[in-house]
Amino acid sequence: MALEHAILVSLSEHPAAGLDLTRRFDRSIGFFWNATHQQIYRTLARMEADGWVSSAQVSQAGRRDKKEYVVTAAGRAELQRWLAEPAPPEAFRSDLAVRLRAASYGDRDAVLDQVEAHLAEHAVRLAHYQHLARRDFADPGPLDDQQRDVHLVLRGGIRLEQFWVEWLSEVLDAYGRTRHHDRPAPDRAPHDRPARRRIPGPRSDRSTT
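Quick note: the sequence shown uses the UniProt record's numbering, first residue 1, plus one each step.
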């Protein structure tokens, strides 16, 4: 998979300006396919040159016009071609797991400090996913296929974060380390920082999770 395909998926759900797209990546697709804002803008320019997306100036009341991107017929054809390709099995790679395996040969406390930090981040991410599930899928029954796809990916994210929280908690318990994530985590996106990134995206429908 290339970043182009992730962008095609996002723009197929909703046309967006570059800034809106980066925000959407920050809060949804970026959780399982990372890209910097600069990479997204460069890729958008290349996709437009290749004819996979087109753009138009959209006026905004009291604000500068924005350049909004939509998927073209060629882009839809590329997305369909990619979807039909066999997906390779997901490979699990964890730098932290290797560090834990090597902890007997160095500073174990330093490694466990990293475990605590990772646990706190996964606990925040889990709380954020659960917040999205409560907000957008309180009643997951009457969903169309596209909404069901989004819900199932979100459920996968919840289960994955539950694994990390449970396993890292087990590691800390095994060495008698106090866990600091047990207090309820705030409903915020992972890595929230004041006046930087993680700006709430549009909430017009469930596909913006």
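Virtual Cβ for every residue (Gly too), placed ideally from N, Cα, C.
Given this structure, state the Cα-to-Cα distance separating R99 from W164, to the nearest angstrom. Each residue's alpha carbon lies about 15 Å from the other.
Grab me the residues of H14's own chain with a C-beta within less than 6 Å of its C-beta, minus the 5 sequence neighbours each way, in chain order. There are no such residues.
Continuous alpha helix (DSSP H) stretch holding E68: start and end: That residue, E68, is in no alpha helix (DSSP H); its beta strand (DSSP E) goes R63 to V71.
For D20, does the count of other Cβ atoms within 10 angstroms reach 16, so buried, or fall short, so exposed? Counting C-beta atoms within 10 angstroms of its own C-beta, D20 has 16 or more neighbours from the protein chains shown and is therefore classed as buried.
Straight-line Cα distance separating A35 from L3: Cα atoms of L3 and A35: separation of roughly 8 Å, rounded to the nearest angstrom.
Please confirm whether S12 and L79 have their CB atoms less than 8 Å apart. L79 sits close to S12, with the two beta carbons spaced by under 8 Å.
Beta-carbon spacing of residue 216, W52 below 8 Å: This structure does not reach residue 216, given that the chain is present from 1 up to 209, and the question cannot be answered.
Provide the residue(s) that pair with A133 in DSSP beta bridges, ordered along the chain. According to DSSP, which records beta bridges pairwise, A133 is partnered with nothing at all.
Unbroken stretches of the beta strand (DSSP E), 3 residues or longer, contained in the stretch 39-127: Complete beta strand (DSSP E) runs here, min 3: 53-60 and 63-71.
Assign D139 to one of two classes, buried (16 or more other C-beta atoms within 10 Å of its C-beta) or exposed (fewer than that). Classification of D139: exposed, given that the 10 Å Cβ count is below 16.
Rounded to whole angstroms, how far is the Cβ of K67 from the Cβ of Q57, which I believe are closer than 8 Å? The beta-carbon separation of K67 and Q57, rounded to 6 Å, stays under the 8 Å limit for a contact.
The alpha helix (DSSP H) enclosing S169, as first and last residue numbers: Looking at the DSSP string, the run of the alpha helix (DSSP H) that includes S169 is D145 to A174.
Whole angstroms is fine: what's the gap from L126's alpha carbon to G156's? Whole-angstrom Cα-Cα distance: 11 Å.
For the alpha helix (DSSP H) containing S28, list its first residue and its last residue. Annotation: S28 is outside any alpha helix (DSSP H) and is labelled neither H nor E by DSSP.
Taking 8 Å as the CB-CB cut-off, is P89 touching chain D? No chain D is present in this structure, which holds just one protein chain.
Under 7 Å Cβ to Cβ from L143, same chain only, skipping five residues before and after it: list those, please. Within the same chain, and ignoring the five residues on either side of L143 in sequence, the residues whose Cβ sits closer than 7 Å to its Cβ are H151.
Within its chain, find whatever has a CB closer than 7 Å to the CB of D187; leave out the 5 residues flanking it on each side and keep chain order. In this predicted model, D187 has a pLDDT of only 48, less than 50, meaning its place in the structure is not dependable; the value taken from the coordinates is given anyway. Counting only residues of its own chain and dropping the five nearest sequence neighbours on each side, D187 has a CB closer than 7 Å to the CB of A127, H128 and H131.
Who are the near neighbours of Y41 in its chain, counting only those whose CB is closer than 7 Å to its CB and skipping five residues on each side? Apart from sequence neighbours up to five positions away, the residues of its chain that approach Y41 with a beta-carbon distance below 7 Å are G18, ordered along the chain.
Whose C-alpha, out of L160, A77, D149 and D136, is nearest the C-alpha of H122? It is L160 whose Cα lies nearest to the Cα of H122.
Report the partner residues of A35 according to the DSSP bridge assignment. For A35, DSSP assigns no beta-bridge partner whatsoever.
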